[in-house]
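In terms of this note's numbering, the sequence shown opens at residue 1 and continues consecutively. A short worksheet on the structure shown next.
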Amino acid sequence: MVEKGLVIWLQGDLGAGKTTLVRGLLRALGHTGSVKSPTYTLIEPYVVSRLDLYHFDFYRFTSAEEFLDAGLDEYFAGQGVCLVEWPDKAHPYLAPPDLEVALTVAGTGRQVELTARTEAGRTCLGKLTTVLGANPAPG
1 MVEKGLVIWL QGDLGAGKTT LVRGLLRALG HTGSVKSPTY TLIEPYVVSR
51 LDLYHFDFYR FTSAEEFLDA GLDEYFAGQG VCLVEWPDKA HPYLAPPDLE
101 VALTVAGTGR QVELTARTEA GRTCLGKLTT VLGANPAPG
């Protein structure tokens with residue numbers, strides 16, 4: 001479903017479920033250990049299904065330059081899967097997304113909108129659609 005080099009931006013307000021979504025993805029890929037929020041560590045790395053996955057959270061950034069100062073651009077060289085919370089806080093230095101996931105609170109549940117931005121994103125979205133038996137929105 002996810003392939004090396006994929007960049008996924010996770011959009012949504014505090015408490016929308018971004019880390020919960022990452023936890024679910026990691027579990028679906030076979031990860032059995034704990035999954036922590038990277039709010040204070042900036043990055044939580046995982047190796048699962050022979051993939052390096054990096055979960056980032058830039059919520060605490062006060063300027064986009066902190067992304068470069070921390071040397072995080074090295075993680076976006078195509079060797080792993082990058083899952084990014086609060087990507088706008090690292091703009092314009094952050095790699096553009098292959099797939100954007102927008103989460104909104106809807107009553108007691110969540111609404112999820114997935115937008116493929118590249119061919120790699122379209123491939124990932126196509127696989128996800130097949131696995132879930134979902135119908136993509138036209139357009």
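Cβ coordinates follow ideal geometry from the N, Cα and C atoms, glycine included.
Can you tell me which of the three DSSP states F56 falls into? Residue numbering aside, residue 56 sits at position 56 when the sequence shown is read from its first letter. DSSP places F56 in strand when its eight states are reduced to three.
Starting from E65, trace the alpha helix (DSSP H) in both directions and tell me its first and last residue. Working through the sequence shown from its first residue, we reach residue 65 at position 65. Where E65 is concerned, the enclosing alpha helix (DSSP H) stretches over 65-69.
Contact check, L103 vs L25 under 8 Å by CB: the rounded distance? Your numbering for residue 103 matches position 103 in the sequence shown. Your numbering for residue 25 matches position 25 in the sequence shown. Actually they are not in contact, since the Cβ atoms of L103 and L25 sit about 13 Å apart, beyond 8 Å.
Against chain D, with Cβ distances strictly below 8 Å, would P97 count as a contact? In the structure shown, chain D does not exist; there is a single protein chain.
Grab the span of the beta strand (DSSP E) containing G24 for me, first residue to last. For the purposes of this step, residue 24 is taken as residue 24 along the sequence shown, with counting starting at 1. Careful: G24 lies outside any beta strand (DSSP E), inside the alpha helix (DSSP H) at 18-28.
If you run the structure through DSSP and keep just helix, strand and coil, what is Y46? In the sequence shown, residue 46 corresponds to position 46, counting from 1. Three-state DSSP puts Y46 in a strand.
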